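Engineer: Per this note's numbering, the sequence shown starts with residue 979, numbered consecutively. Cβ coordinates follow ideal geometry from the N, Cα and C atoms, glycine included. Since the model is a prediction, treat every value here as computed from it, not as a measurement. Starting off with a structure, shown below.
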Amino acid sequence: MEVLSKDIITRWILPLLPARAGGRRASVDLAEVVGAICYKLKTGCQWRWLPVKALFTGEPLS
979 MEVLSKDIIT RWILPLLPAR AGGRRASVDL AEVVGAICYK LKTGCQWRWL
1029 PVKALFTGEP LS
């Protein structure tokens, strides 16, 4: 279940986010993080119930 495609997120949403000012380098793709936030907003589930492994590994959500 994909809320927005990764292509749409990288083309339309990520350019609008502010550039990283420093700190640690991200270990996950920022497009996947935005996709997880959109999934949470769409489903209305609690943060602790997010299917993190499925969202960040590309497994299909049931």
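1) Contact check, Leu1008 vs Leu992 under 8 Å by CB: the rounded distance?
2) For Ala997, count neighbouring Cβ atoms within 10 angstroms of its own Cβ and tell me buried if that reaches 16, exposed if not.
3) Buried or exposed for Gly1000, going by 16 or more other Cβ atoms inside 10 Å?
4) At what residues does the alpha helix (DSSP H) containing Thr1035 begin and finish?
5) Per DSSP, what kind of secondary structure is Met979 in: helix, strand or coil?
Structural biologist: From the atom records:
1) Looking up residue 1008 in the sequence shown gives position 30. Looking up residue 992 in the sequence shown gives position 14. Contact between Leu1008 and Leu992 holds: CB atoms are separated by about 6 Å, below the 8 Å threshold.
2) Your numbering for residue 997 matches position 19 in the sequence shown. Ala997 should be labelled exposed.
3) As a first step, residue 1000 must be located in the sequence shown, where it is residue number 22. Under the 10 Å beta carbon count, Gly1000 is surrounded by fewer than 16 other beta carbons and is classified as exposed.
4) In the sequence shown, counting from the first residue as 1, residue 1035 sits at position 57. Its alpha helix (DSSP H) spans residues 1030-1035.
5) Position 1 of the sequence shown, counted from the start, is the residue given in the question as residue 979. Its pLDDT being 48, under 50, Met979 is placed unreliably by the model, and the measurement read from it follows with that caveat. Reduced to three states, the DSSP call for Met979 is coil.
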